[in-house]
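Heads up: the structure comes next, in C-alpha cells.
Numbering (the working numbering), first residue to last: 43 to 312.
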C-alpha cells in the first residue's frame, strides 16, 4: 500500500490484515497531525498508561509473535522504563523561522519487551480520539539515543534527522553526533548550530511544504527501488485493535524520506 504523509509528519500505511507493506509515493494528506503538544509530566503519564493498556499489550503479543520468534501465548509483553519524548529536525528551523528550535516534539515513546527479549518502541500521540499508539517500531533507538545523548550533553535535546536516520544532541551553540550517520554528516566532534543550519538548509531548504518539489507528488522525493521496497516490507498481523503504520518520516510534506532502516517499522492496523 502507499504511504500517506499526514501534514508532513507521521506517515502511516493503511493496509488490510494480510497485506504486505510497500513504499510508494503519494500526495500529502490535509488531515490533522496526531501529536503531543509538549512533553509534560501529565502527557508522559497518559502516554505510559496507553502503552500499558490491556488492548495494547494484546496487540504487542501479536506483534512479537508475527515472525514465529515466540508464540502468541508465550510473548507476555511488558512495558519497561520511562516514557520518553522523541524530537525530530524541525522544518521551521530549516526554513529559518525566527526563534525556531532545531527540533520539535513528534511523539512519545514507551519501550516494550517480550519474554524472549525482543524490543519495540510504542509511538504514542494525542489524537482527536485521545491518546493512541500510532506506530510500533522494532528496536530501541528512541531509548538508547536518549540515554547516550543525556550522558554526552546533559540537558541537551536529543533529536533525529530522519532523512538520513541520524541522531544528535543539541545544546547551546553545539550539535553533537550520537551515531555513525550523524558523525558522517557533522564530524565526530560535532558542529555549531549555525553550521548545522547551513547544512540542512542546503539539503532540504527547497523541499519544504509548499515548494515545487513538495507539490510534485514524490512523497519526500524517494521512489523506492524493488530492493528497498522488499527490505522495508513486513506482513501485517491480523485483527489489530489500533490505527498505526509503517512510518517513513519526512521533513514537511516534501522532505527526503528516510528509507534506510525502514525495516524497523511494522504495520499495526485494525
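For every residue, glycine included, the Cβ atom is placed at its ideal position computed from N, Cα and C. All values derive from a computational prediction rather than experimental measurement.
Own chain residues within Cβ distance below 7 Å of residue 17, not counting five before or after: Lying before the first or after the last residue shown, residue 17 is absent from the chain, which here runs from 43 to 312.
Nearest candidate by alpha-carbon position, reference residue 178, set 131, 87, 92: 92
Supposed contact pair residue 218 and residue 235 - C-beta distance, whole angstroms, cut 8 Å: Between residue 218 and residue 235 the Cβ distance is about 11 Å, and since that is not below 8 Å, they are no contact.
C-beta contact flag for residue 77 and residue 148 at 8 Å: yes
N- and C-terminal bounds of the beta strand (DSSP E) containing residue 153: 145-155
Buried versus exposed call for residue 120 [16 or more other C-beta atoms within 10 Å across all chains shown]: exposed
Status (buried if at least 16 other CB within 10 Å, exposed otherwise) for residue 117: buried
Reduced DSSP secondary structure (H/G/I, E/B, other) of residue 190: helix
Distance between beta carbons of residue 155 and residue 98, contact taken as under 8 Å: In fact, because the Cβ distance is near 13 Å, the residues do not count as touching under 8 Å.
Status (buried if at least 16 other CB within 10 Å, exposed otherwise) for residue 223: buried
Cβ pair residue 242, residue 136 closer than 8 Å: yes
Per-residue DSSP class, three states only, for residue 103: helix
Cutoff 7 Å; reference residue 158; Cβ partners in own chain excluding five residues on either side: 111, 112
C-beta atoms of residue 212 and residue 198 nearer than 8 Å: yes
Status (buried if at least 16 other CB within 10 Å, exposed otherwise) for residue 96: exposed
Residue range of the unbroken alpha helix (DSSP H) whose run includes residue 117: Unbroken run through residue 117: none, as it is neither H nor E.
Counterpart residues of residue 168 in DSSP-defined beta bridges: 173
For residue 112, the three-state DSSP class (helix, strand or coil): coil
Span separating the alpha-carbon of residue 86 from that of residue 167: 10 Å
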